[in-house]
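Enquirer: Pasting a structure below so you can have a look.
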Amino acid sequence: MQGSRLLRLAGRKALPAKYFISIIRSYLFSFDNVLALGLFTAAVAGLITHKIIIIELHQPLPKIKILFASPFLFIFDAVTLTALHYGLNALLLGIKVLAGVIAVIIISCSAAFTSLYFEGNAELNWGRSVEVSTLFSSWS
-8 MQGSRLLRLA GRKALPAKYF ISIIRSYLFS FDNVLALGLF TAAVAGLITH KIIIIELHQP
52 LPKIKILFAS PFLFIFDAVT LTALHYGLNA LLLGIKVLAG VIAVIIISCS AAFTSLYFEG
112 NAELNWGRSV EVSTLFSSWS
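Going by the numbering used here, 112 is the number at position 121 of the sequence shown; the sequence numbering is gapless.
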């Protein structure tokens, strides 16, 4: 391919950068307006963050459970995001509004869950750091 640099990874040729740029461009122009794009992107980030925190809370998972549970963990998110994408691109205004409300609910619930996780985890870590600091202060 002239003019495009191909990367070599593990002895195989990678796809040119133009391919990835076209994927990003098609994603950016897949919605009618910027609000729908922002709602969908925030919902994607919220669902992925929620799944990462759920997996982190249930650590350590045996490899066999990860092998069998991973399709079920992410398939519901994929179905939800597909329905949300179709809803945000619908022709009827009522369906667009409903999809927007569902996206806002997903974003709000994910943000609340994440903040509660970080707040609870901070208190646990704070208690551990106070114990360590009192231990070192008694040595002085």
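Backbone N, C-alpha and C define an ideal beta-carbon position, used for all residues, glycine too.
Here the structure is a predicted model, which is why all the values come from computation and not from measurement.
1. Go ahead and label A8 buried or exposed: buried means 16 or more other beta carbons lie within 10 angstroms of its beta carbon, across all protein chains shown.
2. Is S99 buried or exposed, if buried means 16 or more other CB atoms sit within 10 Å of its CB?
3. Measuring straight from C-alpha to C-alpha, what distance separates T40 and F104?
4. How many angstroms separate the CA atom of L83 from the CA atom of I45?
5. Assign I97 to buried or exposed, taking buried as 16 or more other Cβ atoms, counted over all protein chains shown, within 10 Å of its Cβ.
6. With DSSP run on the structure shown, which of helix, strand or coil describes K102?
7. On a Cα-Cα basis, can you pick out the residue from Q50, Y77 and A34 that is closest to D23?
8. Just tell me which of L79, P51, A36 and T73 has its CA closest to the CA of V25.
9. What are the start and end residues of the alpha helix (DSSP H) that includes L64?
10. Assuming F11 is part of the alpha helix (DSSP H), what are its boundary residues?
11. Does any heavy atom of the ligand MN sit closer than 7 Å to the C-beta of T32?
Expert: Straight from the coordinates:
1. In the sequence shown, counting from the first residue as 1, residue 8 sits at position 17. By the neighbour-count rule (16 or more Cβ atoms within 10 Å), A8 is not buried but exposed.
2. Start at 1 with the first residue of the sequence shown, and residue 99 comes out as number 108. By the neighbour-count rule (16 or more Cβ atoms within 10 Å), S99 is not buried but exposed.
3. Translated into the one-based positions of the sequence shown, residue 40 becomes position 49. Translated into the one-based positions of the sequence shown, residue 104 becomes position 113. Taking the straight line from one Cα to the other gives about 10 Å.
4. Mapped onto the sequence shown, residue 83 falls at position 92. Mapped onto the sequence shown, residue 45 falls at position 54. Between L83 and I45, the C-alpha separation is close to 35 Å.
5. Position 106 of the sequence shown, counting from 1, holds the residue named residue 97. Burial call: buried.
6. In the sequence shown, the residue the question calls residue 102 occupies position 111. Reading off the sequence shown, one finds Ala at residue 102, where the question assumed Lys. Helix, per DSSP.
7. Taking the sequence shown and counting its residues from 1, the one referred to as residue 23 is at position 32. With distances taken between Cα atoms, D23 lies closest to Y77.
8. Stepping through the sequence shown from its first residue, residue 25 is reached at position 34. It is L79.
9. Here residue 64 is taken as the residue at index 73 of the sequence shown, counted from 1. Looking at the DSSP string, the run of the alpha helix (DSSP H) that includes L64 is K54 to L79.
10. Here residue 11 refers to the residue found at position 20 when the sequence shown is read from its first residue. Here the alpha helix (DSSP H) through F11 covers A8 to L19.
11. Here there are no bound small molecules, and the ligand MN is not part of this structure.
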